[in-house]
Amino acid sequence: MILKFLFVTNILFIVGCGVSNDRPMAYEIHGIDVSHFQGKVDWSAVKEQGVSFAFIKATEGEEHCDTLFYSNWKALKLAGVKRGAYHFFRPNLDPSLQAQNFMMNVSMQNGDLPPVLDMEVTDYDDPEELVKNVTIWLDIISTAFNTKPIIYTNLKAYYRFIAGRFEDYPIWIARYNDKAPELGNNRQWNFWQYANSGKIEGIRQEVDFNAFNGTYQQLESLCIKNLPSSEYFQRVSASAE
12 MILKFLFVTN
22 ILFIVGCGVS
32 NDRPMAYEIH
42 GIDVSHFQGK
52 VDWSAVKEQG
62 VSFAFIKATE
72 GEEHCDTLFY
82 SNWKALKLAG
92 VKRGAYHFFR
102 PNLDPSLQAQ
112 NFMMNVSMQN
122 GDLPPVLDME
132 VTDYDDPEEL
142 VKNVTIWLDI
152 ISTAFNTKPI
162 IYTNLKAYYR
172 FIAGRFEDYP
182 IWIARYNDKA
192 PELGNNRQWN
202 FWQYANSGKI
212 EGIRQEVDFN
222 AFNGTYQQLE
232 SLCIKNLPSS
242 EYFQRVSASA
252 E
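In terms of our numbering, the sequence shown is residues 12 to 252.
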(Lines of atoms letter the chains of each structure in order from A and count residues from 1; the text may use other names and numbers.)
(Lines give C-alpha, C1' and ligand atoms only; values in the text may rest on other atoms or scores of the structure.)
Protein backbone atom coordinates (compact mmCIF):
# COMPACT_ATOMS: atom_id res chain seq x y z
CA MET A 1 0.00 0.00 0.00
CA ILE A 2 1.22 3.51 -0.81
CA LEU A 3 1.03 5.64 2.33
CA LYS A 4 0.57 9.37 2.79
CA PHE A 5 1.38 11.31 5.94
CA LEU A 6 -1.10 13.84 7.27
CA PHE A 7 0.07 16.43 9.79
CA VAL A 8 -2.81 17.94 11.76
CA THR A 9 -1.57 20.25 14.54
CA ASN A 10 0.71 17.86 16.47
CA ILE A 11 -0.83 14.61 15.18
CA LEU A 12 0.86 12.28 12.72
CA PHE A 13 -1.74 10.27 10.83
CA ILE A 14 -0.82 7.57 8.33
CA VAL A 15 -3.61 6.70 5.90
CA GLY A 16 -4.21 4.94 2.61
CA CYS A 17 -3.32 6.42 -0.74
CA GLY A 18 -6.87 7.57 -1.52
CA VAL A 19 -6.71 10.45 0.95
CA SER A 20 -5.63 14.03 0.28
CA ASN A 21 -2.74 15.57 2.20
CA ASP A 22 -4.50 18.83 3.03
CA ARG A 23 -8.09 17.75 3.72
CA PRO A 24 -7.98 17.23 7.50
CA MET A 25 -6.12 20.48 8.09
CA ALA A 26 -9.37 22.39 7.55
CA TYR A 27 -10.63 20.99 10.87
CA GLU A 28 -9.29 21.72 14.32
CA ILE A 29 -10.64 18.75 16.28
CA HIS A 30 -9.86 15.14 15.40
CA GLY A 31 -10.76 11.76 16.87
CA ILE A 32 -10.98 8.03 16.26
CA ASP A 33 -13.48 5.21 16.70
CA VAL A 34 -12.70 1.66 17.79
CA SER A 35 -14.17 -1.69 18.72
CA HIS A 36 -12.65 -4.96 19.94
CA PHE A 37 -11.13 -5.36 16.46
CA GLN A 38 -8.47 -2.79 17.40
CA GLY A 39 -7.44 -4.83 20.43
CA LYS A 40 -6.01 -3.23 23.55
CA VAL A 41 -5.53 0.52 23.11
CA ASP A 42 -2.94 2.66 24.88
CA TRP A 43 -5.23 5.66 25.35
CA SER A 44 -2.55 7.79 26.97
CA ALA A 45 -0.36 7.39 23.88
CA VAL A 46 -3.33 8.16 21.64
CA LYS A 47 -4.16 11.32 23.57
CA GLU A 48 -0.55 12.53 23.42
CA GLN A 49 -0.86 12.65 19.63
CA GLY A 50 -3.65 15.19 19.82
CA VAL A 51 -6.72 12.96 19.60
CA SER A 52 -9.53 14.91 21.27
CA PHE A 53 -12.38 12.38 21.19
CA ALA A 54 -13.10 8.71 20.61
CA PHE A 55 -16.22 6.72 19.91
CA ILE A 56 -16.16 3.10 21.03
CA LYS A 57 -18.49 0.25 20.19
CA ALA A 58 -20.77 -0.58 23.09
CA THR A 59 -23.55 -2.86 21.88
CA GLU A 60 -25.06 -4.57 18.84
CA GLY A 61 -28.54 -5.92 18.28
CA GLU A 62 -30.62 -7.10 21.23
CA GLU A 63 -28.00 -8.81 23.40
CA HIS A 64 -24.40 -8.33 22.27
CA CYS A 65 -21.94 -6.10 24.14
CA ASP A 66 -18.48 -5.48 22.71
CA THR A 67 -15.91 -7.48 24.63
CA LEU A 68 -13.61 -4.48 25.17
CA PHE A 69 -16.28 -1.86 25.78
CA TYR A 70 -16.02 -1.67 29.56
CA SER A 71 -12.22 -1.48 29.62
CA ASN A 72 -12.16 1.12 26.82
CA TRP A 73 -14.92 3.18 28.46
CA LYS A 74 -13.08 3.36 31.78
CA ALA A 75 -9.67 3.94 30.19
CA LEU A 76 -10.96 6.84 28.08
CA LYS A 77 -12.20 8.60 31.19
CA LEU A 78 -8.88 8.10 32.97
CA ALA A 79 -6.92 9.33 29.94
CA GLY A 80 -9.01 12.49 29.64
CA VAL A 81 -10.19 11.78 26.10
CA LYS A 82 -13.74 12.92 25.31
CA ARG A 83 -15.69 9.67 25.01
CA GLY A 84 -18.77 8.45 23.19
CA ALA A 85 -20.43 5.04 22.82
CA TYR A 86 -22.21 3.59 19.80
CA HIS A 87 -24.81 0.91 19.17
CA PHE A 88 -24.60 -1.15 15.96
CA PHE A 89 -28.23 -1.21 14.83
CA ARG A 90 -29.80 -4.34 13.36
CA PRO A 91 -32.98 -3.27 11.49
CA ASN A 92 -34.49 -6.76 11.55
CA LEU A 93 -34.46 -6.90 15.35
CA ASP A 94 -36.73 -5.27 17.92
CA PRO A 95 -35.61 -1.61 18.28
CA SER A 96 -36.94 -1.39 21.85
CA LEU A 97 -34.86 -4.38 22.94
CA GLN A 98 -31.86 -2.92 21.14
CA ALA A 99 -32.31 0.33 23.05
CA GLN A 100 -32.60 -1.61 26.28
CA ASN A 101 -29.38 -3.46 25.46
CA PHE A 102 -27.56 -0.14 25.11
CA MET A 103 -29.04 1.32 28.28
CA MET A 104 -28.22 -1.77 30.34
CA ASN A 105 -24.57 -1.74 29.30
CA VAL A 106 -23.63 1.95 29.00
CA SER A 107 -23.30 4.10 32.09
CA MET A 108 -22.94 7.66 30.84
CA GLN A 109 -21.98 10.82 32.71
CA ASN A 110 -22.44 14.51 32.09
CA GLY A 111 -19.64 15.60 29.78
CA ASP A 112 -19.78 12.45 27.64
CA LEU A 113 -20.67 12.68 23.97
CA PRO A 114 -24.26 11.70 23.12
CA PRO A 115 -25.08 8.05 22.38
CA VAL A 116 -24.61 7.02 18.76
CA LEU A 117 -26.90 4.98 16.53
CA ASP A 118 -24.65 3.20 14.02
CA MET A 119 -26.90 2.70 11.00
CA GLU A 120 -24.75 0.69 8.59
CA VAL A 121 -27.09 -2.16 7.67
CA THR A 122 -29.66 -0.54 5.39
CA ASP A 123 -30.47 -3.33 2.90
CA TYR A 124 -33.91 -3.78 4.46
CA ASP A 125 -36.97 -4.89 2.49
CA ASP A 126 -39.14 -2.02 3.71
CA PRO A 127 -37.33 1.36 3.95
CA GLU A 128 -40.22 2.98 5.84
CA GLU A 129 -40.16 0.17 8.38
CA LEU A 130 -36.43 0.76 8.86
CA VAL A 131 -37.06 4.46 9.48
CA LYS A 132 -39.82 3.56 11.94
CA ASN A 133 -37.53 1.22 13.88
CA VAL A 134 -34.72 3.78 13.91
CA THR A 135 -37.18 6.35 15.26
CA ILE A 136 -38.20 4.03 18.10
CA TRP A 137 -34.57 3.51 19.16
CA LEU A 138 -33.80 7.22 18.95
CA ASP A 139 -36.90 8.19 20.95
CA ILE A 140 -36.14 5.76 23.77
CA ILE A 141 -32.49 6.77 24.03
CA SER A 142 -33.32 10.49 23.78
CA THR A 143 -35.65 10.16 26.74
CA ALA A 144 -33.28 8.00 28.78
CA PHE A 145 -30.23 10.26 28.44
CA ASN A 146 -32.02 13.60 27.96
CA THR A 147 -30.08 14.32 24.77
CA LYS A 148 -30.43 13.75 21.04
CA PRO A 149 -28.33 10.77 19.91
CA ILE A 150 -25.87 11.09 17.06
CA ILE A 151 -26.82 9.28 13.86
CA TYR A 152 -23.93 7.57 12.05
CA THR A 153 -24.31 6.41 8.45
CA ASN A 154 -22.81 6.80 4.98
CA LEU A 155 -23.75 9.54 2.53
CA LYS A 156 -25.92 7.31 0.32
CA ALA A 157 -27.96 6.06 3.28
CA TYR A 158 -28.20 9.60 4.64
CA TYR A 159 -29.97 10.82 1.51
CA ARG A 160 -32.19 7.74 1.38
CA PHE A 161 -33.27 7.48 5.00
CA ILE A 162 -32.20 10.55 7.02
CA ALA A 163 -32.51 13.63 4.81
CA GLY A 164 -35.77 15.43 5.53
CA ARG A 165 -36.11 13.51 8.79
CA PHE A 166 -34.36 13.75 12.16
CA GLU A 167 -33.44 17.38 11.50
CA ASP A 168 -32.49 18.10 15.11
CA TYR A 169 -30.13 15.12 15.51
CA PRO A 170 -26.34 15.42 15.18
CA ILE A 171 -25.00 13.67 12.08
CA TRP A 172 -21.84 11.59 11.69
CA ILE A 173 -21.05 10.72 8.07
CA ALA A 174 -18.67 8.07 6.75
CA ARG A 175 -17.10 9.25 3.50
CA TYR A 176 -13.63 8.10 2.51
CA ASN A 177 -12.96 10.76 -0.06
CA ASP A 178 -10.91 13.91 -0.58
CA LYS A 179 -14.07 15.99 -0.43
CA ALA A 180 -16.02 16.60 2.76
CA PRO A 181 -19.65 15.39 2.81
CA GLU A 182 -22.37 17.72 1.57
CA LEU A 183 -25.79 17.15 3.12
CA GLY A 184 -27.78 19.74 1.18
CA ASN A 185 -30.44 22.18 2.41
CA ASN A 186 -27.76 24.10 4.36
CA ARG A 187 -27.47 21.24 6.83
CA GLN A 188 -24.02 20.63 8.32
CA TRP A 189 -22.52 17.35 9.43
CA ASN A 190 -21.08 17.21 12.95
CA PHE A 191 -18.57 14.40 12.52
CA TRP A 192 -16.86 13.09 9.39
CA GLN A 193 -15.25 9.65 9.29
CA TYR A 194 -12.73 10.42 6.58
CA ALA A 195 -10.46 7.35 6.70
CA ASN A 196 -10.91 3.73 7.73
CA SER A 197 -7.37 2.38 7.45
CA GLY A 198 -5.31 4.76 9.54
CA LYS A 199 -2.39 4.00 11.83
CA ILE A 200 -1.61 5.80 15.05
CA GLU A 201 0.72 5.12 17.97
CA GLY A 202 -1.02 3.22 20.76
CA ILE A 203 -3.13 1.06 18.43
CA ARG A 204 -1.62 -1.88 16.56
CA GLN A 205 -4.49 -2.38 14.13
CA GLU A 206 -5.82 0.02 11.51
CA VAL A 207 -8.34 2.50 12.88
CA ASP A 208 -10.96 4.97 11.65
CA PHE A 209 -10.10 8.69 11.68
CA ASN A 210 -12.72 11.39 12.23
CA ALA A 211 -12.98 15.16 12.16
CA PHE A 212 -15.36 17.34 14.17
CA ASN A 213 -16.96 20.24 12.34
CA GLY A 214 -16.32 22.96 14.90
CA THR A 215 -14.16 24.12 17.79
CA TYR A 216 -13.44 22.26 21.01
CA GLN A 217 -15.88 24.55 22.78
CA GLN A 218 -18.56 23.49 20.29
CA LEU A 219 -17.67 19.85 20.90
CA GLU A 220 -18.14 20.48 24.62
CA SER A 221 -21.51 22.09 23.98
CA LEU A 222 -22.68 18.96 22.16
CA CYS A 223 -21.98 16.77 25.18
CA ILE A 224 -24.50 15.53 27.73
CA LYS A 225 -25.25 18.16 30.37
CA ASN A 226 -28.41 17.23 32.25
CA LEU A 227 -28.37 13.48 32.69
CA PRO A 228 -31.57 12.29 34.40
CA SER A 229 -31.49 10.64 37.81
CA SER A 230 -30.80 6.92 38.07
CA GLU A 231 -34.40 6.32 39.16
CA TYR A 232 -35.74 8.04 36.06
CA PHE A 233 -33.31 6.10 33.88
CA GLN A 234 -34.48 2.81 35.40
CA ARG A 235 -38.11 3.65 34.64
CA VAL A 236 -37.29 4.39 31.00
CA SER A 237 -35.27 1.18 30.74
CA ALA A 238 -38.14 -0.85 32.20
CA SER A 239 -40.65 0.72 29.80
CA ALA A 240 -38.53 -0.41 26.84
CA GLU A 241 -38.86 -4.08 27.82
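Built from N, CA and C at the ideal position, the CB exists for glycine as well.
Please read all numbers here as calculations on a predicted model, not as lab measurements.
Item to check | Cα-Cα separation, residue 130 to residue 59 | outcome: Cα to Cα, the separation comes out at about 31 Å.
Checklist entry - How about residue 120 and residue 163: are their beta carbons less than 9 Å apart? => result Contact flag unset, no.
Checklist entry - From what residue to what residue does the beta strand (DSSP E) around residue 217 run? => result Segment 214 to 223, the beta strand (DSSP E) holding residue 217.
Checklist entry - When you compare only the Cα positions, how much space is there between residue 89 and residue 147? => result Note on geometry: alpha-carbon atoms of residue 89 and residue 147 lie some 33 Å from one another.
Item to check | Contact under 9 Å by Cβ, residue 113 with residue 69 | outcome: Yes, they are a contact pair.
Checklist entry - Just reading off the alpha helix (DSSP H) that residue 229 is part of, what are its end residues? => result According to the DSSP assignment, residue 229 belongs to the alpha helix (DSSP H) that extends over 227 to 233.
Item to check | Straight-line Cα distance separating residue 197 from residue 91 | outcome: Cα to Cα, residue 91 sits roughly 34 Å from residue 197.
Next on the checklist: Taking 8 Å as the limit between beta carbons, can you name the residues of its chain near residue 62, skipping five residues before and five after?
Outcome noted: Excluding positions up to five away in sequence, the list reads 22, 41, 42, 43, 92 and 211.
Item to check | Spatial distance of residue 225 from residue 75 (CA atoms) | outcome: Whole-angstrom Cα-Cα distance: 33 Å.
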